[in-house]
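Just so you know, we're using our numbering here: the sequence shown kicks off at 48 and counts up by one. The beta-carbon is built from N, C-alpha and C at its ideal position, and this holds for glycine as well. Quantities reported herein were computed from a predicted structural model and do not represent experimental measurements.
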Amino acid sequence: MGQATAHALKLSGLLHRAQSTDRHVVTERVIVVMDSADQLIIETKAFHEAPPLEATVLMQHILSINSDVI
Numbered sequence: 048m049g050q051a052t053a054h055a056l057k058l059s060g061l062l063h064r065a066q067s068t069d070r071h072v073v074t075e076r077v078i079v080v081m082d083s084a085d086q087l088i089i090e091t092k093a094f095h096e097a098p099p100l101e102a103t104v105l106m107q108h109i110l111s112i113n114s115d116v117i
């Protein structure tokens, strides 16, 4: 997750270049992208920390069998 900030700043620069001819990046655009990166981190952590669903456990079992067959 340490690279999320760098990726967010790169994304804000790309959005700026796509939407503006001005050479200066607008602070509000950086804030929106940083907030989006923060939200993605929160959702990713929640996804990985959630208890596994029956479907997830079943899929993991199927994948483990598949790797044994090949």
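When the alpha-carbon of residue 61 is set against those of 77, 51 and 50, the nearest one is in 77. Per DSSP, the unbroken alpha helix (DSSP H) holding residue 83 starts and ends at 74-96. Counting C-beta atoms within 10 angstroms of its own C-beta, residue 84 has 16 or more neighbours from the protein chains shown and is therefore classed as buried.
The Cβ atoms of residue 111 and residue 81 do not sit closer than 9 angstroms to each other. For a cut-off of 8 angstroms, the C-beta gap from residue 109 to residue 51 is around 32 angstroms, too long to register as a contact. Going by C-alpha positions, residue 106 is about 10 angstroms away from residue 100.
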